[in-house]
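A.B. asks: Residue numbers for the sequence shown follow my numbering, so the first one is 2 and each next one is one higher. Sending over a structure as structure tokens; questions will come in a sec.
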Amino acid sequence: MEFDGPDDDRLAETGIAAADLSEDDLLRELEQLHRTRHETFLHAPTQALQHHSERTADLELEYLRRHPEREIDQSRLRDQARERTS
Numbered sequence: 002m003e004f005d006g007p008d009d010d011r012l013a014e015t016g017i018a019a020a021d022l023s024e025d026d027l028l029r030e031l032e033q034l035h036r037t038r039h040e041t042f043l044h045a046p047t048q049a050l051q052h053h054s055e056r057t058a059d060l061e062l063e064y065l066r067r068h069p070e071r072e073i074d075q076s077r078l079r080d081q082a083r084e085r086t087s
């Protein structure tokens with residue numbers, strides 16, 4: 002990605018605003034963040050972990066905003082989970 006504006010450093014650090022991402026880019030970024038979460042949690046400096054958490058939250062909220070009626074797996078609901086463990 003090439004930057005050429007006054008906010009280049011900020012954009013390079015934070016990424017493109019979640020609302021400005023295409024659907025494919027949003028999903029790709031979410032997949033990448035979810036894939037790297039455990040290693041980031043265990044080994045990244047506190048500031049990197051904070052940034053990872055904030056970016057993940059921004060992207061997840063954008064996904065939920067775009068897909069308020071997403072399919073919910075009924076077996077993942079609390080009542081269903083309790084029934085499985087009883």
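Ideal Cβ placement from N, Cα and C applies to all residues, glycine included. This one's a predicted model, so the numbers in the text were calculated from it and none came from an experiment.
Report yes or no: is there a C-beta of chain D within less than 7 Å of the C-beta of residue 23?
C.D. replies: Within the model displayed, chain D is absent; a lone protein chain is all it includes.
A.B. asks: Consult DSSP for residue 22 and reduce its assignment to one of helix, strand or coil.
C.D. replies: Taking the sequence shown and counting its residues from 1, the one referred to as residue 22 is at position 21. Correct three-state label for residue 22: coil.
A.B. asks: Rounded to whole angstroms, what is the Cα-Cα separation between residue 24 and residue 73?
C.D. replies: As a position in the sequence shown, residue 24 is number 23, starting the count at 1. As a position in the sequence shown, residue 73 is number 72, starting the count at 1. Taking the straight line joining both Cα atoms gives about 19 Å.
A.B. asks: What did DSSP end up calling residue 58 once you bin it into helix, strand or coil?
C.D. replies: Here the question's residue 58 lines up with position 57 in the sequence shown. Helix, per DSSP.
A.B. asks: Can you give me the Cβ contacts of residue 21 inside the same chain, cut-off strictly under 8 Å, excluding the 5 residues immediately before and after it?
C.D. replies: The residue you call residue 21 lines up with position 20 of the sequence shown. Around residue 21: no qualifying Cβ.
A.B. asks: I need the DSSP call for residue 30, collapsed to helix, strand or coil.
C.D. replies: The count along the sequence shown starts at 1 and reaches residue 30 at position 29. The answer is helix: DSSP assigns residue 30 an H, G or I state.
A.B. asks: Among 28, 29, 56 and 27, which residue has its Cα nearest to the Cα of residue 41?
C.D. replies: Within the sequence shown, the letter at position 40 stands for residue 41. When each option's Cα is compared against that of residue 41, the closest is 56.
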